[in-house]
Amino acid sequence: MKAKSDAVVIGAGPYGLSAAAHLNANGLDVRIFGATMSFWDRHMPEGMCLRSPWEASQLSDPAKSLTLDAFQTATGAPVRRPIPLARFVAYGRWFQSHAVPNLEQRKVVEIEKDTTGFRVVLADGETVRCGRVIVAGGIGPFAARPPQFTGIPHALASHSSEQTDLGRFRGQRVVVIGGGQSALESAALLHERQAEVELLVRANSVEWTWQRPWLHTFKPVGVVLYAWPDVGPAFVSHAVARPNLYRILPRWLQDSWRAKSIRANGVGWLKPRLEEIRISTGLAVLSAVVRGRQVELKLSDGSQRRADHVLMATGYRIDIRKYNFLSEAVVSALCLIDGCPVLGPGFESSVSGLHFLGAPAVYSYGPLMRFVAGADFAARAVSQSVARARGAAVGRRISEELLTRQTAAVQMPRGTIESSDHV
Ligand SMILES: Cc1cc2nc3c(=O)[nH]c(=O)nc-3n(C[C@H](O)[C@H](O)[C@H](O)COP(=O)(O)OP(=O)(O)OC[C@H]3O[C@@H](n4cnc5c(N)ncnc54)[C@H](O)[C@@H]3O)c2cc1C
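This is the structure we're talking about:
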C-alpha cells in the first residue's frame, strides 16, 4: 500500500490549482485530483468574458510569478480586457503545467474519515490515504433551477451552466430568466448569434456596476472607493478584500455586506450589447407547461410567453450536501449554516482535517470567496495550516520515537546490543 499523503486536493479550478501550487512549494506530499479549469471550459458560454478585472483574475503561486502578465509574455499573445473566457482557460492550463504538474485528471467518488485520517476513493477504484482533504469542488453541483421548471424536458428549458454553444439557438425564440451578469451576457450572446431573445428580470430594474469605469480605475479616487479585487460596493469593498477582518465583524454586518456584494448586476461594458434586446422587468414566472415543441410561461402580470427554449440564468445556491463524494458520516459531522460549512482558521471545518475552499467558504470568509480573487488568500491560509499540522505530526512522531528509545534505553539490561533492525 502507498504511504499516506499529507493532503489530497479535490478540484483543479482557480482555488484547487492555487492551493496545490502553495502546498507543492511547501514541500508537502500532496495529491490533487480534478479536470483542469473544467467548470470554465464546459459550463460557461463560448464568447463570454470575465466580469472580474485583471488584478482580480490571477491564480496564486507563492512567488507570484505565474500571473496573467507572465502568461501573456510566455505565450507572446496579448490578452484582451475584459478577459475572454477561452484565454482565461488557457491561462489556467498554463498555470497548472508549471505549478501543479502532479495534477491527476481523475474523479473522486467518496471521502471517508477514520481515526488515522481520510480515505479518498477514486472513480477507477484506487483508494488514497491522507492526513487532510482540501475540497475545492466549485459551484457546479449547486446550479439553482426554479421549481416551476421541474418536469420540463431539458431540450426546452436548461440552466445556463448546461449550455456552452449558444449558437445552436440561432433563429429560435429564447427567453432568458435572470438579472445577473450571466443572464445579461447570455442574452447578448444569443442576440449576436441571431436568436430572438427576451430577458425576464424579477427585480424592477437591471442593476449595473462599473458604469463609470474611472471611479474604479482613476487612482486617487479608485483606491479610496474600491480595494483591488473590486468585490462589493464602494468602501465595503475594502473589508471584503480582507477576509480576516471580515470574519470578526458582527454577524449581521457580514450578512448584510455579503448580500450587497454578490447581488445580481451587470458590468457596464455589457450595456451597449443589450440595446436591441427586449428586457421585461418586475416579472416572475408563475408556471411553465410544454405546448407542442415549445414551452409556455405564465407570468406574474397575467401575461404569457411562448419560447422554443428557456435559459435559466438563475444562479447557484450553495449546499455542500450536494457534493456527492462526501460520505453521509462526514456530512452529518459538519456544522452547516445556509448550506455552507462553518470554517475556522485555515479554512478547516468542524471535521478535523477537512478544509473547504471557494464558494462554500463564503459564510465564514466573506464574498471574496465566490471569486477568483479569493484564491490567493485561501491558498496561503490552507497551505500554512497543512504545513503546521504536518510539522506538529512529525514533531509528535519524533518525540514519541525519542520517548520510546529513552524508555528502551532505561529498560535495556546491561550487555544487550541495540539494533535498529529489530523492533
Ligand atoms: C457564468 C459565470 C461567470 C463567472 N465569472 C467570473 C469572473 O469573471 N470572475 C470571477 O472571479 N469569478 C467568476 N465566476 C465565479 C467562478 O465560478 C468562481 O470564481 C471560480 O470558478 C471558483 O473556482 P473554484 O476553483 O472554486 O471552482 P471551479 O472553477 O468550479 O473548479 C472546480 C473543480 O473541481 C473539480 N471537481 C469537482 N468535483 C470533483 C470530483 N468529484 N473529483 C475530482 N474533481 C472534482 C472540477 O473538475 C474542477 O476542476 C463566474 C461564475 C459563472 C457561473
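Residue numbers for the sequence shown follow our numbering, so the first one is 2 and each next one is one higher. Glycine residues also receive a C-beta, built at the ideal position from the N, C-alpha and C atoms. No experiment lies behind these values; they were computed from the predicted model shown.
Measuring C-alpha to C-alpha distances from residue 126 to each of 137, 135, 118 and 108 identifies 108 as the nearest.
In this structure, the beta-carbon distance from residue 8 to residue 387 falls below 8 Å. If you ignore the 5 residues before and after residue 203, its C-beta comes within less than 6 Å of the C-beta of 285, all in its own chain and listed in chain order. Rounded to the nearest angstrom, the gap between the Cα atoms of residue 30 and residue 12 is 17 Å. Looking at 134, 298 and 47, the one whose alpha-carbon comes closest to that of residue 358 is 134. Contact between the region 194-213 and the region 243-254 is absent: fewer than three C-beta pairs spanning the two stretches fall below 8 Å. According to DSSP, residue 329 shares a beta bridge with no other residue. The residue among 363, 62, 58 and 269 with its C-alpha nearest the C-alpha of residue 18 is 62. Within the DSSP bridge table, the entry for residue 295 names 292 as partners.
The DSSP-derived three-state label of residue 34 is strand. Between residue 190 and residue 49, the beta carbon gap of about 7 Å places them in contact (Cβ cut-off 8 Å). Annotation for residue 90: 38, 41 and 42 place their beta carbon closer than 6 Å to its own, counting only its chain and skipping 5 residues before and after. Excluding the 5 residues flanking it on each side, residue 241 has same chain C-beta neighbours closer than 8 Å at 228, 230, 232, 233, 247, 258, 262, 367, 368 and 369, in chain order. Boundaries of the beta strand (DSSP E) harbouring residue 115: 109-115, taken from the DSSP string. For residue 88, no beta strand (DSSP E) encloses it; the enclosing alpha helix (DSSP H) starts and ends at 86-100.
The criterion of a C-beta distance shorter than 8 Å is not satisfied by residue 139 and residue 265.
In this structure, the C-beta of residue 112 stays at least 7 Å away from each heavy atom of ligand 1. Partner residues in the beta bridge of residue 357, as assigned by DSSP, are 136. Within 7 Å of the C-beta of residue 12 there is at least one heavy atom belonging to ligand 1. For residue 222, no beta strand (DSSP E) segment is defined; the enclosing uninterrupted segment is the alpha helix (DSSP H) at 220-226. For residue 384, the CB stays at least 7 Å from every heavy atom of ligand 1. When secondary structure is reduced to three states using DSSP, residue 342 falls in the strand class. Between the alpha carbons of residue 289 and residue 183 lies a distance of about 22 Å. The count of Cβ pairs closer than 8 Å, one atom from the region 142-153 and one from the region 307-316, reaches three, so the stretches are in contact. Distances taken from the Cβ of residue 57 to the heavy atoms of ligand 1 include one shorter than 7 Å. Per DSSP, reduced to three states, the secondary structure at residue 16 is helical.
Using a cutoff of 7 Å, the CB of residue 140 counts as near ligand 1, since one of the ligand's heavy atoms is closer than that. According to DSSP, residue pairing for residue 364 in a beta bridge does not occur. Measuring C-alpha to C-alpha distances from residue 207 to each of 221, 186, 223 and 222 identifies 186 as the nearest.
Between ligand 1 and residue 366, a heavy atom-to-CB distance of less than 7 Å is absent. Here residue 79 is exposed, its C-beta having fewer than 16 other C-beta atoms within 10 Å. Closest in C-alpha terms to residue 166, from the list 46, 301, 279 and 57, comes 46. In this structure, residue 15 lies near residue 93, with their beta-carbon atoms less than 8 Å apart.
Per DSSP, residue 70 is one residue of the alpha helix (DSSP H) stretching across 69-76.
The closest heavy atom of ligand 1 lies less than 7 Å from the beta carbon of residue 41.
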